[in-house]
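Peer 1: I have a structure here, written as structure tokens, and I will follow up with some questions on it.
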Amino acid sequence: MKRRNAVWTLTLLAVQLGCSWPAAVDEGPFGHRPRVDEPHACDEAAAHPADRNRMAAGIELDSDIVPGIAISACQEAVAVFPDEPRFRLQLARAFLSAGKPEQAIPELELAAKAGYAPALHYLGQAALDYYWSSRDPGDAEMAREYFEAAAAEFPPAAQMLAGFELDLSGFEAPNIVLDLYLHRFDRLNDARIVAAEYGLGMQEFFTTAFNPTENYCPAILARRAIEYDLEDAAAGNAQSGPERILYNGGIWLATKLGSVLDPVWQGDVERYRKHLRNLGARDAQHLAETAGCSSLVAERIYSGLSAFSEQRRPLREYVDLLLDGSYKELFSERLPEAPSEPMTAELSQKESDDE
């Protein structure tokens, strides 16, 4: 760990000092003189679409790169232009697509010494990956520094940087998001039905197989739920779909409340439940689009949601919370209208007549 951090610190220092390399141009076969500022097979095979220096349309996900073709093409490009950071980055991406991070890191470090923003971003991502396994704050801070160095020229780095700090703007239920982020389960339990239904909507978005989010949110978040801070039951539920994530915490009670409550309330309760789930899904999408699923913020909110699912309360408390209106504090401006007095009076009269 110390050796890796020392190497990465030297790389950052080189960037800060403005070190750069001249582009090398060697004679190619048959007298052809390749140019560094022309497209190369390596560009077609492994360019990143957010790289401002790319010479091809680019491939966004490392996993979509064809390793054999890309490694061969980019090794050839690096042999001809050893000082061109673009090719070093693309060779690193090719190695990552082949599951060889140990070969990718040296290429990224060489490109980063030239201040190449995409390479700095990838080193930040590597440091963040180390953090997930080590939980060493030094790795997280190193990742932040790399993302800061790359953010101005490489948009994915700016998104990752945003994922280090929770920004509540844009969320429709910022109070619940903040409570999940801070793991304030006492506050969430004060309005558990609201938080649970909202959480189901959030979980439904994160478990949708084809949601349009970078790096496939369901796989990332489900993996984190298994690996960090959660009991086996919660971890298993994280992969089992929206109706299972909060099952152990008692969400099945909320799904059955309609049969327990007075019939006059059933319609409003059902509409409100649907509203809360939609709210959770929209906030989950906002989180994925602004902070990214690989971020510290997303991981903490998601682990908070999963840990909250392990909390339990008796059925009577759920019914009391719903009927006494205490749950309304969080969403008073969005609640559906309660049954009118005439309806309640009419029901009371009907009950009297039946007696």
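Counting in the numbering used here, the sequence shown runs from 69 upward without gaps.
Built from N, CA and C at the ideal position, the CB exists for glycine as well.
Treat the numbers as computed from the prediction; the structure is a model and nothing was measured.
How many Å lie between Ala-220 and Ala-226 at the Cα?
Peer 2: Spanning the two alpha carbons is a distance of roughly 7 Å.
Peer 1: Applying the criterion that 16 or more other CB atoms from any shown protein chain within 10 Å of the CB defines a buried residue, is Pro-425 buried or exposed?
Peer 2: Because residue 425 is not part of the residues shown, which for the chain are 69 to 423, the question remains open.
Peer 1: Run the proximity test for Glu-209: is its beta-carbon closer than 8 Å to any non-hydrogen atom belonging to the ligand ATP?
Peer 2: The model on display carries no ligand, and the ligand ATP is accordingly not part of it.
Peer 1: Which of the three DSSP states is assigned to Phe-149 in this structure?
Peer 2: Coil.
Peer 1: Output the distance between the C-alpha atoms of Arg-368 and Val-104, rounded to the nearest integer angstrom.
Peer 2: Using only the alpha carbons, I get a separation of about 43 Å.
Peer 1: Below 8 Å on the Cβ atoms is my contact criterion, and I expect Ala-180 with Ala-187 to pass it. Report the Cβ-Cβ distance as a whole number of Å.
Peer 2: With 8 Å as the limit, Ala-180 and Ala-187 qualify as a contact, their Cβ atoms being about 4 Å apart.
Peer 1: First and last residue of the alpha helix (DSSP H) that includes Asp-111?
Peer 2: Where Asp-111 is concerned, the enclosing alpha helix (DSSP H) stretches over 109-114.
Peer 1: What did DSSP end up calling Glu-128 once you bin it into helix, strand or coil?
Peer 2: Reduced to three states, the DSSP call for Glu-128 is coil.
Peer 1: Is it the case that the segment 148-156 contacts the segment 127-139, given that we only count it when at least three CB pairs across the two stretches are under 8 Å?
Peer 2: Short answer: they don't touch.
Peer 1: Apart from the five residues just before and just after Phe-232, which ones in its own chain have a Cβ nearer than 6 Å to its Cβ?
Peer 2: Excluding residues within five positions, the ones whose Cβ falls inside 6 Å are Arg-212 and Leu-364.
Peer 1: Check each candidate in Asp-204, Leu-229 and Arg-350 and name the one with the smallest Cα separation from Gly-267.
Peer 2: Of Asp-204, Leu-229 and Arg-350, the residue nearest in Cα terms is Arg-350.
Peer 1: Would you decide whether Ser-237 is buried or exposed? Buried here means 16 or more other CB atoms lie within 10 Å of its CB.
Peer 2: Exposed.
Peer 1: Taking the Cβ atom as the reference point for each residue, do Pro-135 and Ala-162 lie within a distance shorter than 9 Å?
Peer 2: Yes, these two residues count as a Cβ contact at 9 Å.
Peer 1: Could you spell out the range, first to last residue, of the alpha helix (DSSP H) harbouring Phe-376?
Peer 2: Segment 364-376, the alpha helix (DSSP H) holding Phe-376.
Peer 1: Grab me the residues of Phe-273's own chain with a C-beta within less than 7 Å of its C-beta, minus the 5 sequence neighbours each way, in chain order.
Peer 2: Cβ neighbours of Phe-273 beyond the five flanking positions: Asn-279, Ala-349, Ala-352 and Gln-353.
Peer 1: Alpha carbon to alpha carbon, how far is Arg-203 from Leu-298? Give it in angstroms, no decimals.
Peer 2: Its pLDDT being 35, under 50, Leu-298 is placed unreliably in this model, and the coordinates cannot settle the point.
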